Amino acid sequence: MRHPRVLIALLAGLVALSACEKEIDKDAVDREFSGVNAIDGAGLTEVMLTAGDPDEAVAYFSRSAEQDPARIDFQRGLAKSLIRAKRYPEATSAWTQVVAHEGSTNEDRVSLADALIRNNNWERAEQVLDGIPPTHESFQRYRLEAMIADSHQEWQKADSFYEVASGLTTKPASVLNNWGYSKLSRGDYADAEKLFADAIRQDPKLFTAKNNLVLSRGAQGNYALPVMQMTQVERAELLQTLGLAAVKRGDVEIGKGLLRDALETHPQHFEAAARALDALEGTVTN
89 MRHPRVLIAL
99 LAGLVALSAC
109 EKEIDKDAVD
119 REFSGVNAID
129 GAGLTEVMLT
139 AGDPDEAVAY
149 FSRSAEQDPA
159 RIDFQRGLAK
169 SLIRAKRYPE
179 ATSAWTQVVA
189 HEGSTNEDRV
199 SLADALIRNN
209 NWERAEQVLD
219 GIPPTHESFQ
229 RYRLEAMIAD
239 SHQEWQKADS
249 FYEVASGLTT
259 KPASVLNNWG
269 YSKLSRGDYA
279 DAEKLFADAI
289 RQDPKLFTAK
299 NNLVLSRGAQ
309 GNYALPVMQM
319 TQVERAELLQ
329 TLGLAAVKRG
339 DVEIGKGLLR
349 DALETHPQHF
359 EAAARALDAL
369 EGTVTN
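Counted from 1, the sequence shown has number 349 at position 261 by the numbering used here; the numbering is strictly sequential.
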């Protein structure tokens, strides 16, 4: 991000111009740069959390938290940026520090549970969520509760949590996709198909839901691609998924045909589909 450098350059220019008229007042300069820090702590924090390179955001919040360790917003910013950068062990430590701060909230504890799940520490994540009062209701909390219920194969609880979570957000595509995958893993293919279709309606660019939708259809013996928005590359990848689903179901010749379609559809050489087709046709030897 270039915002702080631009601000500093402008302020430095103003100081240089004033030096032509009188001796530089060091205290005045310090006050100007203090103003830059105040600006950074307000608008720039949000910019760093949502745009730009995640590692740059990590560096920015690391410096800010070190300079002003009492500021919980800088600690939160660091924890969120580490999640964006997929540095989950560090993010877990960062969220643990946030939760230890006297200004922490229940939603911070939910974020710690999220980081723990991303770091594959499901048991501790469940303990953290259990320690949050049931009166604290949020999309993120119910999404995580659903995932934990899934991990225990507590399907009724999982369905209840997924339903509540999807109603607490204006962007339910990801949670609908997770719910659909839960149904898919149980063998409830028809219900899974409906949920994946709902997810795609909410977010037509969510490729994971498209791929899962094709899996659920293939598991039911439906080998036609659904009508939906897709690029040529996506179409090829979905045909490959459908072909492999057909093979898994025992419809090997149909699977071969779908893999050939995938190879013809892809604008470049589709190595994964080629290997799968070669293996099915017996041309690959160990």
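Note that the Cβ used here is the ideal one computed from N, Cα and C, for glycine as well. What you are looking at is a predicted structure, and each value in this text was computed from that prediction instead of being measured.
So, with DSSP's three-state summary, where would you put residue 102? Caution is warranted here: a pLDDT of 39 is assigned to residue 102, below 50, making its placement in the model unreliable, and the coordinate value is therefore given only provisionally. In the three-state DSSP reduction, residue 102 falls in the helix class (H, G or I).
With distance defined between alpha-carbon atoms, name the residue in 319, 288, 271 and 224 nearest to residue 307. Residue 307 has its Cα closest to that of 271, out of 319, 288, 271 and 224.
What is the rounded straight-line gap between the Cα of residue 354 and the Cα of residue 365? Between residue 354 and residue 365, the alpha-carbon positions lie close to 14 Å from each other.
Leaving out the 5 sequence neighbours to the left and right, which residues in its chain are closer than 7 Å to residue 260 when beta-carbon positions are compared? Around residue 260: 254 and 290.
Tell me, to the nearest whole angstrom, how far the beta carbon of residue 217 is from that of residue 201; I am working on the premise that it is less than 8 Å. So it is a contact: roughly 5 Å between Cβ atoms.
Count the other C-beta atoms from every protein chain shown that fall within 10 angstroms of the C-beta of residue 208, then say buried if there are 16 or more, exposed otherwise. Flag for residue 208 reads exposed.
Three-state secondary structure (DSSP) of residue 315: Note: residue 315 maps to coil in three-state DSSP.
If I measure Cβ to Cβ from residue 162 and keep anything under 7 Å in the same chain, skipping five residues before and after, which residues do I get? Same-chain partners within the cutoff: 149, 152, 153 and 156.
How big is the Cα-Cα spacing for residue 210 and residue 204? Between residue 210 and residue 204, the alpha-carbon positions lie close to 7 Å from each other.
Report the option in 196, 172, 191 and 274 whose CA atom is closest to the CA atom of residue 183. Per the Cα distances, 196.
Going by the CB atoms, is the gap between residue 174 and residue 142 shorter than 9 Å? The Cβ atoms of residue 142 and residue 174 lie closer than 9 Å to each other.
Taking only three categories from DSSP, how would you classify residue 161? Looking at residue 161 - three-state DSSP - the assignment turns out to be helix.
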